[in-house]
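Notes for the one structure printed next.
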Amino acid sequence: MWTIENRQRYDRTKLRYPSDLTQDEWALVKPQIGPGRRGGRHRSVDEREVVNGILYVLSTGCQWAALPKDLPPKSTVYDYFDLWSWDGTLERIHDALYKACREKAGREESPSAAIIDSQSVKSAEKGGPKWTPRATTRARRSMARSGMFWSTPRAC
Numbered sequence: 019m020w021t022i023e024n025r026q027r028y029d030r031t032k033l034r035y036p037s038d039l040t041q042d043e044w045a046l047v048k049p050q051i052g053p054g055r056r057g058g059r060h061r062s063v064d065e066r067e068v069v070n071g072i073l074y075v076l077s078t079g080c081q082w083a084a085l086p087k088d089l090p091p092k093s094t095v096y097d098y099f100d101l102w103s104w105d106g107t108l109e110r111i112h113d114a115l116y117k118a119c120r121e122k123a124g125r126e127e128s129p130s131a132a133i134i135d136s137q138s139v140k141s142a143e144k145g146g147p148k149w150t151p152r153a154t155t156r157a158r159r160s161m162a163r164s165g166m167f168w169s170t171p172r173a174c
């Protein structure tokens with residue numbers, strides 16, 4: 019319920035963007051980000067700003083090229099997103115935030131029960147993940163819709 023306390027707790031108007039991390043959120047996320055690579059140059063980018071850039075893209079759905087200029091460059095943000103997806107950092111961040119939210123609500127870290135609705139069962143029976151590649155591949159153009167198809171004589 020939206021009480022005065024809840025409204026103050028979830029108020030993000032003082033942040034630059036609604037997707038930016040608060041101090042408390044950053045305190046949970048920072049330990050999940052590993053140190054930079056050994057050798058070479060030290061990290062010169064602010065990891066918090068990189069996370070803010072990733073959250074901006076995820077919350078707005080904008081293109082990487084449409085990142086605001088006050089966030090790190092799109093190539094930097096995307097490279098960290100790609101690296102953290104590959105090495106499991108994003109999954110660790112998610113798990114840490116998930117556990118903190120459950121503890122704050124007075125629940126155990128991991129749920130003890132799950133609810134499965136009939137729609138989920140129906141899609142699982144059909145083999146849900148198997149259909150994903152078909153949905154992401156480009157549609158083929160029909161030969162019948164091509165102007166060249168009807169204008170060229172057939173060789174029998």
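With positions in the sequence shown counted from 1, the corresponding number in our numbering is that position plus 18. Where is the CB? At the ideal position from N, CA and C, for every residue including glycine.
State the Cα-Cα distance for the pair residue i and residue j, rounded to the nearest angstrom.
i, j, result
"K32", "D97", "29 angstroms"
"S37", "Y74", "6 angstroms"
"T21", "V69", "30 angstroms"
"I133", "R125", "17 angstroms"
"V11", "G71", "Nothing can be reported for residue 11: it is not among the residues displayed for the chain, which extend from 19 to 174."
"W149", "D100", "For W149, the predicted model reports a pLDDT of 48, less than 50, meaning its position is unreliable; a value from the coordinates is still stated below. Their backbone Cα atoms lie some 25 angstroms apart in a straight line."
"S62", "R34", "22 angstroms"
"P91", "L85", "8 angstroms"
"Q26", "G106", "33 angstroms"
"S77", "S103", "17 angstroms"
"S93", "S136", "42 angstroms"
Let me check understanding here. Comparing Cα to Cα, which of the options lies closest to residue i?
i, options, result
"E121", "L46, S93, S136, Q41", "L46"
"S128", "D29, A118, D135", "A118"
"R110", "T78, R34, H60, K48", "K48"
"I51", "D42, H60, G58, R66", "R66"
Measure the Cβ-Cβ separation of residue i and residue j and say whether it is below 9 angstroms.
i, j, result
"T40", "R30", "yes"
"L115", "E43", "yes"
What are the boundary residues of the alpha helix (DSSP H) that includes residue i?
i, result
"Q81", "Per DSSP, Q81 belongs to no alpha helix (DSSP H) and is neither H nor E."
"A45", "41–47"
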